[in-house]
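Engineer:
Numbering (the working numbering), first residue to last: 2 to 385.
What follows is the structure, given as structure tokens:
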């Protein structure tokens, strides 16, 4: 702001430079005088030490107006698009005025492109203007990135816990999950509503960067936001106050396995051979949380998994030895039956296993080990 004030004053060092060049090139040599006509058009040599005249009055007035809008913006408690708009408008007006002045310059056709007097003179006149616009446009990404960094503080604290970190012994609570993901008051959506609506728009089921936005979002952040939004859509379907997810489970025939019984959060699934139907199940934040299993291998009945706590179902599915795609959002899961430390049993001499088909009913595979780790927060929201 101080620099603009100096440059738009009657003692402008920019015009002083132009005046010095003008006086020293207004000579009898036609080639020299013609080459430096651009600086003479800005500050004629006959103005002497009084730099402002009819040839540059419009430019200086535009700079003065720009300086005023910058001063007004700098006094605002927070710089945002509304505050920056008058300054960007004044900068555009000043650049237009500079372009109109440059139309009177003799084209310097004989010099190298990098040292053309007409182009260099115009650049010197535009520099105070472009410096302001670059600063304002740079503040947009910088402000977004600072807010993105702040968003990642509570986010990363949650991500350090199970099930987002599969190795953690500490479970994330429903309150922590809601504080980040619940729509519309969770941190993710508060951040979107306050900062991203103009830059990130929904097309179908995905969010895409707005093509004509003044701020360009990073590809990494857009991917992160879409993964998070898909998780929210799955976990809060129907705008429920707490997370839940619907899925179906279908027992599959497996050699040596006569019967299977699985209790998932109070919901029971049994299998005694043949082609069993799929059963609709739900995991939810409230209610019973435990998993109990049993299987009949020949005449031997054994348990192949027992889990407690809020994320018991997640732990159960995460311990599957194999996940294989089964079309759409379905997967075939397989648990190898272990007796003691030996996978092979003396009954068949092979590796018996319990198999089920899990269908997420269109939702992402949130039960798969490691999937939720992909929701790692991205603080770099916009490019500078």
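Each residue gets a CB set at the ideal place from its N, CA and C atoms; glycine is no exception.
Remember, predicted model here, so these are calculated numbers, not experimental data.
#1: Nearest CA to the CA of residue 286: which residue from 145, 133, 174 and 186?
#2: Identify the residues that DSSP records as bridge partners of residue 360: which are they?
#3: Whole beta strand (DSSP E) runs in the stretch 217 to 282 with 3 or more residues, listed along the chain?
#4: Would you mind reading off the limits of the beta strand (DSSP E) that contains residue 87?
#5: Quick check on residue 449: does DSSP put it in helix, strand or coil?
#6: May I ask whether a heavy atom of the ligand NAP can be found less than 8 Å away from the beta carbon of residue 304?
#7: Do residue 9 and residue 68 have their beta-carbon atoms positioned less than 9 Å apart in this structure?
#8: For residue 17, count the other beta carbons within 10 Å of its own beta carbon; 16 or more makes it buried, fewer makes it exposed. Which is it?
#9: Quick one: complete alpha helix (DSSP H) runs, 4+ long, within the stretch 24 to 71?
#10: Quick one: give me the first and last residue of the alpha helix (DSSP H) that residue 178 is part of.
#11: Can you tell me where the beta strand (DSSP E) holding residue 210 begins and where it ends?
#12: Identify, in the order they occur along the chain, each residue of the same chain with its Cβ nearer than 7 Å to the Cβ of residue 272, setting aside the five sequence neighbours on each side.
#13: Where does residue 198 fall in DSSP's three states?
#14: Are the beta-carbon atoms of residue 5 and residue 129 separated by less than 9 Å?
#15: Rounded to whole angstroms, what is the Cα-Cα separation between residue 45 and residue 29?
#16: Report the option in 330, 150, 93 and 19 whose CA atom is closest to the CA atom of residue 57.
#17: Kindly confirm or deny that the stretch 277 to 285 and the stretch 219 to 230 touch, where touching means at least three C-beta pairs closer than 8 Å.
#18: Please determine, among 157, 171, 263 and 92, the residue with the shortest C-alpha to C-alpha distance to residue 126.
#19: Could you name the residues of the same chain whose beta carbon sits closer than 8 Å to that of residue 269, not counting the 5 residues immediately before and after it, in chain order?
#20: Less than 6 Å between C-beta atoms, sequence neighbours within five positions excluded: which residues of the same chain meet that for residue 333?
#21: What did DSSP end up calling residue 190 once you bin it into helix, strand or coil?
#22: Do three or more CB pairs link the stretch 35 to 45 to the stretch 98 to 113 at distances below 8 Å?
#23: Cutting at 8 Å between CB atoms, please list the residues of its own chain near residue 77, excluding the five before and the five after it.
#24: Would you identify the three-state DSSP class for residue 337, choosing helix, strand or coil?
#25: Please tell me whether residue 315 and residue 164 are closer than 9 Å, where the distance is taken between their beta carbons.
#26: Check whether the Cβ atoms of residue 149 and residue 382 lie closer than 9 Å to each other.
#27: If we call anything under 9 Å between Cβ atoms a contact, is residue 289 one with residue 266?
#28: So residue 3 is in the alpha helix (DSSP H); what residue range does that whole segment cover?
#29: Assign residue 363 to buried or exposed, taking buried as 16 or more other Cβ atoms, counted over all protein chains shown, within 10 Å of its Cβ.
#30: If we ignore side chains and look at the alpha-carbon of each, how far apart do residue 25 and residue 197 end up?
#31: Let's test the definition: count the other Cβ atoms within 10 Å of the Cβ of residue 142 and tell me whether it reaches 16, buried, or not, exposed.
#32: Between residue 203 and residue 227, what straight-line distance do the alpha-carbon atoms span, to the nearest angstrom?
#33: Quick check: the Cα distance between residue 114 and residue 7, rounded to an integer number of angstroms?
#34: Assign residue 379 to one of three DSSP states: helix, strand, or coil.
#35: Identify the residues that DSSP records as bridge partners of residue 110: which are they?
#36: Using the Cα positions of residue 293 and residue 320, report the straight-line distance between them to the nearest angstrom.
Structural biologist: Looking at the atomic coordinates:
#1: 174
#2: 249 and 331
#3: 245 to 253, 258 to 265 and 268 to 272
#4: Unbroken run through residue 87 is the alpha helix (DSSP H), 82 to 103; no beta strand (DSSP E).
#5: The requested residue 449 is not part of the displayed model; the chain covers only 2 to 385.
#6: With respect to the ligand NAP, the structure shown offers nothing to examine, as it has no ligands at all.
#7: yes
#8: exposed
#9: 31 to 36 and 38 to 43
#10: 175 to 182
#11: 207 to 210
#12: 252, 260 and 261
#13: coil
#14: yes
#15: 15 Å
#16: 19
#17: no
#18: 92
#19: 262 and 263
#20: 325, 327 and 358
#21: helix
#22: yes
#23: 84
#24: strand
#25: yes
#26: yes
#27: yes
#28: 3 to 8
#29: exposed
#30: 54 Å
#31: buried
#32: 10 Å
#33: The predicted position of residue 114 is uncertain, since its pLDDT is 49 and thus under 50; no value can be drawn from it.
#34: coil
#35: Beta-bridge pairing links residue 110 to no other residue.
#36: 13 Å
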